Every structure is written in C-alpha cells, then in structure tokens.
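*Asks:* Residue numbers (this note's numbering): 5 to 261.
Just so you know, even glycine gets a beta-carbon here, dropped at the ideal spot from N, CA and C.
Here the structure is a predicted model, which means the values were calculated and not measured.
Below is a structure I'd like to ask you about.
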C-alpha cells in the first residue's frame, strides 16, 4: 500500500542518485539574504553553524515565522473525520475505492468529500472499511461532518452484529487541522516555502507550486522530464582525486626497511 509519504521518499532517493547532499539534524533558526563575495546568497543559521546556498526550498512546518504571512483566520481551517464501518457505502463486485461528493445540506455548510477504502486497498482487515470525510471548517469538525455521516452510517453504536439498513459505524474520530495553503509570504529572495495541505484530495496545487519554484531555480529547463534508464545515467566527477590508497602490507614492509 502506498500513500502520500511515498512522494518525498521518491524525490529523496532520486535526488541522492544525482548527487544531492543532505544536511541531517539541522533545524533552521534564522534565514536571511546576504552578499558574500559579491554574490547574493541565502544564509541559514542552524545550531550555532552558518550554512550558505543559492536557493533554499523548505516545508512550511520547518519555516521560521518571519517567512510566513499572518496566521489565517480560524474559519480557514479544515474539518476532517475518520470512520471504521462494518460495510461499504457502495456495494461493488470488484470492491474498488469509493468517492462521494456531498452537496451542502444548508446554506451555511460547505460541500463534503467522502473517500472509502477497504481490504482490497490494504487499508483494513476483511469485513471492515475506512471512510474519510473532509470539508472546510464552519463550526468544528463534529458539528460540520456528523450530519453527513448520519446520512451514510448507522451511528447508534452497539454490537456490530446487529442488523441495520446502513453500514454500522464502529469507531469515529473528528478533528480540525490548520489550512496552511496560503500562509507563505513573498519577498524573500531565493527562499521558497512550500505550502501545506488544503481541503482537496489531489496534488494538483502542490504540483503547480513545485513547477513554479522549479522555474525560478532552473529557468528554461524542462519540468519533470522522463526519468532516465540506469544505463543512460552519466556521472561527471569534477572532484580532485585524493592520495592513492596504500595497503597495510605495503606500509608494514616500508617500516621494516
């Protein structure tokens, strides 16, 4: 089973293959632009160490507060819920995942996206289903989403063996998360902060932002070209070779002389 976490894993591995360098355990304390040797660079202070680079790309969770715009209003948060049920919301012979879009129940509500995954997706044991609800926050997660859940599930609780016309909800969780998709402040040269998730299910906005950042760092180059075959990869090693390696036996013979 693959999730969204595989995307950064894929990038990290591909980046390493093509010579990417990683500075581990380096939280960012401050970021600023300075002129070093007549060149404008990004200066990063981290654990009493100073790092410099031409461009800095980082996630919003790691960005210092001075790189972010004012905190969004509470109403821009996201309401989410997770349900475990004993039956599918849409019966199917092949049991694919189910996607449902609820229109607003009232004028004050927002549309709700529902995603169901089952055993065939490797998400849960046989006989159970996991269902995700997501919408833009109005009041709080439970108030926003419970009326929609009651349209789909039997929310009365009790033993899952009890008969019901609807799938019985065996477990549920309601929670709110910050919508950080619009909290990035422009104006810091060569520092590119990637926004957080929004209420959408796809990665269209994230891919669009990645393309915009790529164009700023690598103008004129192709975005997401075809991945090369292993035999097509050529490494250009411009590093100065170090001293020739000497075996221990040779060192020992030299000592005897």
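Closer than 8 angstroms: is that where the CB of residue 148 sits relative to any heavy atom of the ligand SAM?
*Replies:* By its list of ligands, the structure shown contains no ligand whatsoever, and the ligand SAM lies outside what it can speak to.
*Asks:* On a Cα-Cα basis, can you pick out the residue from 155, 66, 199 and 207 that is closest to residue 184?
*Replies:* Mapped onto the chain shown, residue 184 falls at position 180. With distances taken between Cα atoms, residue 184 lies closest to 199.
*Asks:* For residue 116 versus residue 70, is the C-beta distance shorter than 9 angstroms?
*Replies:* In the chain shown, the residue the question calls residue 116 occupies position 112. In the chain shown, the residue the question calls residue 70 occupies position 66. Contact: no.
*Asks:* Quick check: the Cα distance between residue 225 and residue 24, rounded to an integer number of angstroms?
*Replies:* Within the chain shown, the letter at position 221 stands for residue 225. Within the chain shown, the letter at position 20 stands for residue 24. Approximately 18 angstroms between the Cα atoms of the pair.
*Asks:* Measure the C-alpha to C-alpha separation of residue 89 and residue 150 and round it to an integer number of angstroms.
*Replies:* For the purposes of this step, residue 89 is taken as residue 85 along the chain shown, with counting starting at 1. For the purposes of this step, residue 150 is taken as residue 146 along the chain shown, with counting starting at 1. So the two alpha carbons sit approximately 15 angstroms from each other.
*Asks:* In three-state terms, what does DSSP make of residue 254?
*Replies:* One-based indexing of the chain shown puts residue 254 at position 250. In this prediction, residue 254 scores a pLDDT of 48, lower than 50, which makes its location untrustworthy; no coordinate-derived value is stated.
*Asks:* Considering Cα atoms alone, identify which of 7, 8 and 38 is closest to residue 195.
*Replies:* Here residue 195 corresponds to residue number 191 of the chain shown, with the count starting at 1. Checked all of 7, 8 and 38; the closest Cα to residue 195 is 38.
*Asks:* How should residue 255 be labelled, buried or exposed, when 16 other C-beta atoms within 10 angstroms of its C-beta is the threshold for buried?
*Replies:* For the purposes of this step, residue 255 is taken as residue 251 along the chain shown, with counting starting at 1. Reliability of the predicted coordinates at residue 255 is poor, the pLDDT of 48 falling under 50, and the value obtained from them is presented with this limitation in mind. The residue in question, residue 255, is exposed, as its Cβ has fewer than 16 Cβ neighbours within 10 Å.
*Asks:* Please classify residue 36: does DSSP put it in a helix, a strand, or coil?
*Replies:* Residue numbering aside, residue 36 sits at position 32 when the chain shown is read from its first letter. Here residue 36 sits in strand by DSSP.
*Asks:* Using the rule of at least 16 other Cβ atoms within 10 Å of the residue's Cβ for burial, across every protein chain shown, is residue 152 buried or exposed?
*Replies:* Start at 1 with the first residue of the chain shown, and residue 152 comes out as number 148. Residue 152 is buried by the Cβ-count criterion.
*Asks:* When you compare the CB positions of residue 81 and residue 180, do they come within less than 9 angstroms of one another, or not?
*Replies:* Here residue 81 corresponds to residue number 77 of the chain shown, with the count starting at 1. Here residue 180 corresponds to residue number 176 of the chain shown, with the count starting at 1. Yes; because the gap between Cβ atoms is below 9 angstroms, this pair is in contact.
*Asks:* Does DSSP classify residue 30 as helix, strand or coil?
*Replies:* The count along the chain shown starts at 1 and reaches residue 30 at position 26. Looking at residue 30 - three-state DSSP - the assignment turns out to be coil, as it is neither helix nor strand.
*Asks:* Give the secondary structure of residue 59 by DSSP, where H, G and I count as helix, E and B as strand, and everything else as coil.
*Replies:* Along the chain shown, read from residue 1 onward, the residue named residue 59 stands at position 55. Residue 59 falls in the coil class under three-state DSSP.
*Asks:* Pairing CB atoms from the stretch 127-147 with CB atoms from the stretch 53-70, are three or more of them under 8 angstroms?
*Replies:* No, the stretch 127-147 is not in contact with the stretch 53-70.
*Asks:* So who's on the other strand from residue 196, going by DSSP bridges?
*Replies:* On the chain shown, residue 196 is found 192 positions in, with the first residue counted as 1. In DSSP, residue 196 forms a bridge with 61.
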